[in-house]
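Peer 1: Quick one: this structure, given as structure tokens, is what I'll be asking you about.
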Amino acid sequence: MKLIFIDANVFLDLYRGKTTQLDVLENFPNLIIEKNYKIYLTDHLVNEVHRNRESVVKDQLNTFEKYKVNNNFSNIIRSLDIYEELKDAANLYNNVVEQGLNEIKDKIQGKALRADKLFKDIIDKSKLITTDEDDRRK
């Protein structure tokens, strides 16, 4: 039996990282069972992830919001034959980004992001060690 401890920042990186990190780690809960690994998480770690999740996802949301196109075009752009097409494309793109933002916000609120599901799955397959305030002061 192998014992594994995972730091809170590893879990928080699931919200920051690229899809490949999630793809690799999504199989991790099955490996816990198959390889007879024992994962230990403290309630302090779980609380830390939940507490810091909001700021991490907010940062990611703000990054995504920056993907919107500035459609306040200069007079030079407005003089182009393709200006109307360009304006329509920018507006369409911004509408799609806005739809994506709304979907992300719903998933954040419902704790339905892929990282949320993976973290919950790992918690469910781990041994939770409870600590009390006195233990943390020692």
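Residue numbers for the sequence shown follow the working numbering, so the first one is 9 and each next one is one higher.
Think of the CB as a built atom: it goes at the ideal place given N, C-alpha and C, for glycine as much as any other residue.
1. Mark A123 as exposed unless 16 or more other C-beta atoms lie within 10 angstroms of its C-beta, in which case mark it buried.
2. For I12, which residues of its own chain have a beta-carbon under 6 angstroms away from its beta-carbon, when the five flanking residues on both sides are left out?
3. Could you pull the start and end residues of the alpha helix (DSSP H) that K46 belongs to?
4. Report yes if the CB atom of F36 is closer than 9 angstroms to the CB atom of L126, and no otherwise.
5. Applying the 10 Å Cβ sphere with the 16-neighbour rule, what's the burial state of Y23?
6. To the nearest angstrom, report how far apart A98 and K66 are at their CA atoms.
7. So, are the CB atoms of L53 and D15 less than 9 angstroms apart?
8. For S134, does the count of other Cβ atoms within 10 angstroms reach 16, so buried, or fall short, so exposed?
9. Just to confirm my understanding: we take L30, look at its own chain, exclude 5 residues before and 5 after, and list those with CB closer than 7 angstroms. What are they?
10. Inspect the CB distances between the segment 54–62 and the segment 87–104 and report whether three or more fall short of 8 angstroms.
11. Give the C-beta separation of F72 and G108 to the nearest angstrom, bearing in mind that I take them to be a contact with Cβ-Cβ under 8 angstroms.
12. With H, G and I counted as helix, E and B as strand and the rest as coil, what does DSSP make of K135?
13. Please look up how many angstroms separate the CB atoms of N79 and N102, rounded, as I've assumed it's under 8 angstroms.
14. I need the straight-line Cα distance from S63 to D140, nearest angstrom please.
Peer 2: The short version:
1. Translated into the one-based positions of the sequence shown, residue 123 becomes position 115. By the 10 Å Cβ count, A123 comes out buried.
2. Locating residue 12 in the sequence shown gives position 4, counting from the first residue. Hits under 6 angstroms: Y45 and I47.
3. If you number the sequence shown from 1, residue 46 lands on position 38. That residue, K46, is in no alpha helix (DSSP H); its beta strand (DSSP E) goes K46 to T50.
4. Here the question's residue 36 lines up with position 28 in the sequence shown. Here the question's residue 126 lines up with position 118 in the sequence shown. In this structure, L126 lies closer than 9 angstroms to F36 by Cβ.
5. For the purposes of this step, residue 23 is taken as the residue at position 15 of the sequence shown. Under this definition Y23 is a buried residue.
6. Reading the sequence shown from its first residue, position 90 is the one you call residue 98. Reading the sequence shown from its first residue, position 58 is the one you call residue 66. Taking the straight line from one Cα to the other gives about 24 angstroms.
7. The count along the sequence shown starts at 1 and reaches residue 53 at position 45. The count along the sequence shown starts at 1 and reaches residue 15 at position 7. Contact flag set, yes.
8. Along the sequence shown, one-based indexing puts residue 134 at 126. S134 should be labelled buried.
9. One-based indexing of the sequence shown puts residue 30 at position 22. Here the set comprises L22, R122, A123 and L126.
10. Output reads no: the segment 87–104 does not touch the segment 54–62.
11. Along the sequence shown, read from residue 1 onward, the residue named residue 72 stands at position 64. Along the sequence shown, read from residue 1 onward, the residue named residue 108 stands at position 100. Right, the Cβ-Cβ distance comes to about 7 angstroms (below 8 angstroms), so this counts as a contact.
12. As a working note, residue 135 is residue 127 in the sequence shown. Reduced to three states, the DSSP call for K135 is strand.
13. Against the sequence shown, residue 79 aligns to sequence position 71. Against the sequence shown, residue 102 aligns to sequence position 94. The pair is a contact, with the Cβ atoms about 7 angstroms apart (cut-off 8 angstroms).
14. Counted from its first residue, the sequence shown places residue 63 at position 55. Counted from its first residue, the sequence shown places residue 140 at position 132. In this structure, the CA atom of S63 is about 25 angstroms from the CA atom of D140.
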